[in-house]
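I have placed the structure first, in the form of structure tokens, so that the comments after it can refer back to it.
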Amino acid sequence: MSAKKEDWRKLLGFSCTGCGNCCKGTIVLITAGDVKRIMEGTGMAAKEFVHFFTSVDMPKRDSLWIKLGNKRVAMGLKWATKPRRCKFLDAETNMCGIYEHRPVTCRSHPFEIKTTDTWAVQKLSLSDIVDCPHEWDGEHTLRELKATERWNCDQVDTFEDQVKAWNRKRSGKRTANEFLKFCELA
Ligand code: SF4
Ligand code: SF4
Numbered sequence: 334m335s336a337k338k339e340d341w342r343k344l345l346g347f348s349c350t351g352c353g354n355c356c357k358g359t360i361v362l363i364t365a366g367d368v369k370r371i372m373e374g375t376g377m378a379a380k381e382f383v384h385f386f387t388s389v390d391m392p393k394r395d396s397l398w399i400k401l402g403n404k405r406v407a408m409g410l411k412w413a414t415k416p417r418r419c420k421f422l423d424a425e426t427n428m429c430g431i432y433e434h435r436p437v438t439c440r441s442h443p444f445e446i447k448t449t450d451t452w453a454v455q456k457l458s459l460s461d462i463v464d465c466p467h468e469w470d471g472e473h474t475l476r477e478l479k480a481t482e483r484w485n486c487d488q489v490d491t492f493e494d495q496v497k498a499w500n501r502k503r504s505g506k507r508t509a510n511e512f513l514k515f516c517e518l519a
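All letters in the sequence shown, in the order written, are residues 334 to 519 by the working numbering.
Here is the structure:
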């Protein structure tokens, strides 16, 4: 094992302290697969927790931009305010209210994994999008992280196809609700 690999393997000891920072003030982008699972798990309608964001830090040509009317939007979890946070985050306990059904991206955070075409792990790093006061007594495994990454990739691939088909559609209204119906989420 190279010295570099030894370094990133240490990250498997990451342990979340539950401060909730990563669920506050961040836009959590989701796929149709996430929405379906949350709907089934909570009994909520998609419109109760889905928001279409116009201002997202995503490349102009990203395949997850959805055309609604004359706008370009990205699908994410709605926010609650005071403090601004994911609507599922309990402001007092910092607990996720849909932990069992949470989006795949929430499950992989803060790990960022780079793999080969055959899913061999090339590199592991930790996201630095928020201040993360973690500990180092965790026991993650590469197997677990790879499984989540594969799930994420499969979900994103399927959603990209849905978005592409929607964006190419020439007839019908281009509203948020119509998009949700197009994805069989309303
Ligand atoms: S769904 Fe749960 S884990 Fe994900 S951002 Fe919201 S509160 Fe945090
Ligand atoms: S910011 Fe880090 S420590 Fe805080 S909840 Fe998120 S992952 Fe856990």
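C-beta: ideal position from N, C-alpha, C; glycine also.
Local Cβ density within 10 Å of residue i, reported as buried at 16 or more and exposed below that
{"i": "residue 358", "result": "exposed"}
{"i": "residue 366", "result": "buried"}
{"i": "residue 459", "result": "exposed"}
{"i": "residue 436", "result": "buried"}
{"i": "residue 353", "result": "buried"}
Reduced DSSP category for residue i - H, G, I as helix; E, B as strand; rest coil
{"i": "residue 336", "result": "Annotation note: pLDDT 47 at residue 336 (below 50); position unreliable, coordinate value reported separately. In this structure, residue 336 counts as helix in the three-state DSSP scheme."}
{"i": "residue 448", "result": "strand"}
{"i": "residue 429", "result": "strand"}
{"i": "residue 368", "result": "helix"}
Cα-Cα separation, residue i to residue j
{"i": "residue 427", "j": "residue 356", "result": "9 angstroms"}
{"i": "residue 488", "j": "residue 430", "result": "22 angstroms"}
{"i": "residue 513", "j": "residue 373", "result": "15 angstroms"}
{"i": "residue 485", "j": "residue 415", "result": "30 angstroms"}
{"i": "residue 412", "j": "residue 421", "result": "8 angstroms"}
{"i": "residue 303", "j": "residue 498", "result": "No information on residue 303 is available, as it lies outside the stretch 334 to 519 that the chain covers here."}
{"i": "residue 505", "j": "residue 444", "result": "40 angstroms"}
{"i": "residue 515", "j": "residue 405", "result": "17 angstroms"}
{"i": "residue 383", "j": "residue 457", "result": "30 angstroms"}
{"i": "residue 496", "j": "residue 386", "result": "15 angstroms"}
{"i": "residue 509", "j": "residue 424", "result": "28 angstroms"}
{"i": "residue 410", "j": "residue 502", "result": "25 angstroms"}
{"i": "residue 468", "j": "residue 454", "result": "23 angstroms"}
{"i": "residue 479", "j": "residue 381", "result": "31 angstroms"}
{"i": "residue 417", "j": "residue 349", "result": "21 angstroms"}
{"i": "residue 440", "j": "residue 346", "result": "16 angstroms"}
{"i": "residue 432", "j": "residue 483", "result": "20 angstroms"}
{"i": "residue 379", "j": "residue 363", "result": "12 angstroms"}
{"i": "residue 452", "j": "residue 371", "result": "28 angstroms"}
Residue span of the alpha helix (DSSP H) that contains residue i, given as start and end
{"i": "residue 513", "result": "509-515"}
{"i": "residue 440", "result": "437-441"}
Opening and closing residue of the beta strand (DSSP E) in which residue i lies
{"i": "residue 347", "result": "Taken as a continuous stretch (DSSP letters only), residue 347 belongs to no beta strand (DSSP E), as it is neither H nor E."}
Runs of alpha helix (DSSP H) lying entirely within the region 458-502, each at least 4 residues, in chain order: 475-501, all fully within the region 458-502.
Uninterrupted beta strand (DSSP E) stretches inside the region 357-420 (no shorter than 3 residues): Entirely contained in the region 357-420, the beta strand (DSSP E) runs reaching 3 residues are, in chain order, 383-386, 399-401 and 404-410.
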